[in-house]
Amino acid sequence: MNTVPKTPSCIVVIGASWGGIQALRTLLTQLRSPFCFAVVIVIHQDRQRASQLPQLLNDTAAFRVVEAADKEPIVAGNVYISTPNYHLLVEQDGTLSHTIDKPVNYCRPSVDVLFQTAADAFGDRVVAVVLTGANHDGAAGAQRVKQRGGKVFVQNPKEAEAKAMPLATIRDTEVDFIGSLEAIIDKLNGIGQHV
Amino acid sequence: MPKYQNDEDYDIHALLEVIFLKWGYDFRGYSKASLTRRIFYFLQEERIDRIPDLQYRIVRDKSLFSRFIKDVTVNVTEMFRDPVFYQSVKENIVPQLKTYPHIKIWHAGCATGEEVYSLAILLEQEGLLERSTIYATDINRSVLDRAKKGIYSDSYLQQYETNFENAGLKGHLSDYFEKGYDHVIVDSALRKNIVFTEHDLVIDHVFGEMQLIFCRNVLIYFTRGLQSKVIDLFSESLDFGGCLCLGIKETLDFYEHKGKFKTLDPNNKIYQRTR
Ligand SMILES: C[S@@+](CC[C@H](N)C(=O)[O-])C[C@H]1O[C@@H](n2cnc3c(N)ncnc32)[C@H](O)[C@@H]1O
């Protein structure tokens, strides 16, 4: 196995809001490691109780889960999580960056901002996953991901703890897959084996 | 391999080159993702279809360029952002400031001034404001004008009050404001030792011997190369023993001469220049 950090063959960007922590825990415990992609997550959280989340998720996962640092290179096999009160962006040079620009869809971090910048930077090497959430954030971003040739997977609204976010994405975009959390995890594990 | 990933990437680089040549403002070292978002927002605002059209017009139209500066910089800020940080300032920096007969403070990238007045309130509570001179600078003149006036809409006041309480300060934030119809005005006593002035961190020079520099949430907009250059500038502008405060996503970890600094609070990004 190669131990030198390497640029991922593709990035999986995930948006989650209401009910998202539980969903992410499930997802990260069942992701088969090592995988050849990197995962970047935006989750809406209370701005005060912030930074325990990467720790919490790190404990359940078999790989590195960290709060994204400024200008941190995205490395395959790692999972990066947003910081409350900052938008998280993907740069064309394969690093992560932040901005305190105005909230988008009343959200900071916003899933749209992550998805759009990921699509601009990684083009068709993006898989966007929209999980449970009680607002519309992510729908516009998913559209951009499709325009640039990437794929969009959406958690089945019937199974999501809050359905508004998956529904909004499905309404606006011709998505590639709608399914249970487990089915989405299977799809992601599938990508891991292709490359 | 081509140097640019796609035409849009090329257009943006070309635009930044032209702006530098014509107006002397240098955005080439800014992080592209946020800057690109802001440029597309600007195109929409100005109803300009394509970046090459903007490039053509911006060299011929000074007022368009002024609006460009105003719109592509991210000026979002708040009072007592990161309340815990202000607690740390009180613990780690204030005792040392008390030993100086006169204190010079620089807020680099102060935006509309909320951060400047936040620190001024803290200094006032510690009995330090009287002997402080505060320089508040930004690249964007229009936010400086607003900062100088110290007039704020009261729609965020609730959040600011909460921040104020969590920062562990005495009394109420409203004690420092005069109430207007839908806005508040910062007390003139807080404002009298503050000098607001234009300064561009990329091209302008060192700024006198400071005891304290705040530059929070500005470096996130720069690439690593430019960040290093700007940190050089700060270390030259700081007195020995002076402190540098960055935003919570910013760091000196990667900085080549980080040996010049001691970390006073790693979580709140408070550093002290020791050599
Ligand atoms: C997001 S605001 C930060 C405001 C405040 N320090 C805070 O943390 O809330 C960033 C500010 O940096 C300013 N800025 C950007 N580039 C600059 C430069 N080259 N020189 C000086 N200021 C700059 C912007 O105009 C903007 O007002």
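As given, the protein sequences belong to chains P and V, one line each in that order. Throughout the first sequence, residue numbering follows this note's numbering, covering 1 to 195 in sequence. Throughout the second sequence, residue numbering follows this note's numbering, covering 1001 to 1275 in sequence. Glycine residues also receive a C-beta, built at the ideal position from the N, C-alpha and C atoms.
Rounded to whole angstroms, the Cβ separation of P:ALA38 and P:ILE14 is 11 Å, and the two are not in contact under 8 Å. Distances from the CB of V:ALA1136 to the heavy atoms of ligand 1 are all 7 Å or more.
Closer than 9 Å at the C-beta level to chain V, one finds these residues of the segment 73–95 of chain P: THR83, ASN85, TYR86, HIS87, LEU89, VAL90, GLU91, GLN92, ASP93 and THR95.
Note that the C-beta distance between P:ASN135 and P:CYS107 is below 8 Å.
Within 7 Å of the C-beta of V:ILE1139 there is at least one heavy atom belonging to ligand 1.
P:LEU114 is positioned such that its CB atom lies closer than 8 Å to that of P:VAL42.
Residue contact with chain V for P:ASP101: present (Cβ-Cβ distance below 8 Å to some residue of chain V). With a contact defined as Cβ atoms closer than 8 Å, V:LEU1190 and V:ALA1108 miss out at about 20 Å. In the DSSP assignment, V:ASP1138 forms a beta bridge with V:GLU1198.
Positions of the alpha helix (DSSP H) runs, each at least 4 residues long and wholly inside the segment 1163–1192 of chain V, are given as 1188–1191 in order along the chain. Between the alpha carbons of V:PHE1085 and V:LEU1129 lies a gap of roughly 19 Å. Relative to ligand 1, the beta carbon of V:HIS1199 is positioned inside 7 Å of a heavy atom. Assignment of beta strand (DSSP E) within the segment 59–128 of chain P, counting only whole runs of 3 or more residues, yields 65–67, 79–81, 87–90 and 96–99 in chain order. Put simply, the backbone Cα of V:GLY1208 is about 13 Å away from that of V:THR1137. Residue contact with chain P for V:GLU1250: present (Cβ-Cβ distance below 8 Å to some residue of chain P).
By the Cβ criterion, the segment 1057–1075 of chain V is not in contact with the segment 1222–1235 of chain V, since fewer than three pairs of Cβ atoms, one from each stretch, lie closer than 8 Å. A distance criterion of 7 Å places the beta-carbon of P:ILE100 in contact range of ligand 1, judged by its closest non-hydrogen atom.
Using beta-carbon distances, V:ILE1220 counts as an interface residue toward chain P, with a partner under 8 Å.
Taking C-beta atoms under 8 Å as the contact rule, V:SER1132 and V:ILE1105 qualify, at a distance of about 6 Å. Distance between P:GLU161 and P:GLN143, taken at the CA atoms: about 23 Å. Contact of P:ASP70 with chain V is assigned, a C-beta pair being separated by under 8 Å.
Uninterrupted alpha helix (DSSP H) stretches at least 4 residues long and entirely within the segment 1097–1128 of chain V occur at 1114–1125, given in chain order. With the criterion set as a beta carbon lying under 9 Å from some beta carbon of chain P, the segment 1136–1157 of chain V has no members that meet it. Relative to the Cα of V:THR1073, the nearest Cα in the group P:GLN155, P:THR99 and P:ALA23 belongs to P:THR99. Taken in chain order, the members of the segment 111–128 of chain P whose beta-carbon sits within less than 9 Å of a beta-carbon on chain V are VAL113, GLN116, THR117, ASP120, ALA121 and GLY123. Shown here, V:GLY1225 sits in a helix according to DSSP, grouped into three states. P:SER97 reaches chain V at SER1031, ALA1033, SER1034 and ILE1220, counting residues in chain order whose Cβ is nearer than 7 Å.
Exposed is the label assigned to P:SER180, since fewer than 16 other Cβ atoms lie within 10 Å of its Cβ. Proximity of the beta carbon of P:VAL13 to ligand 1 is not indicated: no heavy atom of the ligand is located closer than 7 Å. Here DSSP, grouped into helix, strand and coil, assigns V:SER1063 to helix.
Among the residues facing chain P, V:ASN1217 is included, as its CB has a counterpart in that chain under 8 Å away. Among the residues facing chain P, V:GLN1005 is included, as its CB has a counterpart in that chain under 8 Å away. Cβ-Cβ distances below 7 Å link V:ALA1014 to GLN1055 in the same chain, with the five nearest sequence neighbours on each side left out; the list follows chain order. The beta carbon of V:ASP1009 falls within 8 Å of a beta carbon belonging to chain P, placing the residue at that interface. In summary, V:ASN1006 is exposed, with fewer than 16 beta-carbon neighbours lying within 10 Å of its beta-carbon over all protein chains present. Taking CB atoms only, V:VAL1076 has a neighbour in chain P less than 8 Å away.
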